[in-house]
C-alpha cells in the first residue's frame with residue numbers, strides 16, 4: 014500500500030489476470046477502506062468516470078474497475094502507474110530532501126506546460142476540471158505530467174479541502190484553489206479553471222507550499238474581495254508571477270484563456286532554454 018487516505022487506500026500492484034485486456038501489468042489500485050460510507054464509495058466511482066473515455070497524452074485515464082480482487086472486498090479502480098508519483102508529493106519531497114537537486118525553474122515550467130496542455134484539451138472538448146491542484150497530477154519519468162481524476166488522490170490530501178459554515182459538513186471543497194465566483198456562487202467555467210491553474214502554478218513555483226496557509230477558510234472570501242492574493246514565491250521570475258496573477262483577476266472576462274496561457278508558457282520556456 015502506498016497511501017492511506019480519509020476513506021480510501023492507494024496501492025501499487027500488478028495485474029496477473031490474462032483475461033483483462035490491459036497492456037501494462039504495473040498499476041495503481043484505488044479502493045475504499047472498511048470505514049467508508051456508501052456515499053464515499055459511490056463518489057469515488059463517480060469521480061473516476063471523469064476521464065474514463067478520454068485519450069490524450071496529458072490525461073491519465075483509468076484503465077477500468079476490478080470488482081473481484083485480492084486487495085479489498087470493494088471495487089478497485091485501476092490506473093496506469095507512475096514511478097515518480099503524485100506531483101504534490103514529488104515537489105514537496107524535492108524541496109525538503111537534502112539528497113535531491115532542487116528542481117529548476119525550467120523543469121517546473123516544463124511540467125506546467127503539460128498540465129496546461131491537458132486543461133486546454135479538456136476545454137476544447139467543453140469539459141471543466143473544477144478541482145485543479147498538484148494533488149491531481151502524476152509525474153512521469155521524463156518529468157512530463159498527466160492530469161488524473163479526483164478519485165485517485167482526493168482523500169489523500171485532506172489539508173487541501175475545507176468547508177464554509179454554509180456548506181454541507183460532508184461536502185468539503187478545495188476552497189483555497191477555487192475562483193472567487195466558484196466559492197461564492199458555485200459558478201464554474203473555463204475562467205474558474207484558469208484561476209485554479211494559477212494557484213497550481215504558485216504551488217509549483219513554491220515547490221509544494223500550501224496556498225493561503227495563514228488564512229482561515231472562513232476569512233478567505235473577504236481576503237479575496239479585498240483584492241489580496243498569493244504573494245510571489247521565492248526565486249519565481251517576475252514574468253511568471255505576472256502570468257499567474259492574471260489568472261486571479263476578479264472579472265472572469267479579463268482572465269487569460271488556457272490557449273493564451275499555454276502560448277505564453279511555451280514562449281517563456283523557450284526563453285529559459287536559450288539562457289541555459
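Numbering (this note's numbering), first residue to last: 14 to 289. By construction, the Cβ of each residue, glycine as well, lies at the ideal position given by its N, Cα and C atoms.
Residue 68 and residue 203 have their alpha carbons spaced roughly 20 Å apart. A Cβ-Cβ distance of about 4 Å is found for the pair residue 108 and residue 220, placing them in contact under the 8 Å criterion. Where residue 101 is concerned, the enclosing alpha helix (DSSP H) starts and stops at 100–109. In the three-state DSSP reduction, residue 199 falls in the coil class, being neither helix nor strand. DSSP, reduced to helix, strand and coil, places residue 92 within a strand of the structure shown. Taken through DSSP and simplified to helix, strand or coil, residue 20 comes out as coil.
Listed in chain order, the beta strand (DSSP E) runs fully inside the segment 122–184 are 150–152 and 158–160, counting runs of at least 3 residues.
When secondary structure is reduced to three states using DSSP, residue 221 falls in the coil class, being assigned neither helix nor strand. Three or more beta-carbon pairs separated by less than 8 Å are not found between the segment 167–184 and the segment 73–92, which leaves the two stretches without contact. Residue 167 and residue 282 have their C-alpha atoms roughly 30 Å apart. Beta-bridge partners assigned by DSSP to residue 26: 40. Comparing alpha-carbon positions, the option among 129, 41 and 161 lying closest to residue 74 turns out to be 161. Only buried fits residue 149, as 16 or more other CB atoms lie within 10 angstroms of its CB. Residue 190 is positioned such that its CB atom lies no closer than 8 Å to that of residue 141.
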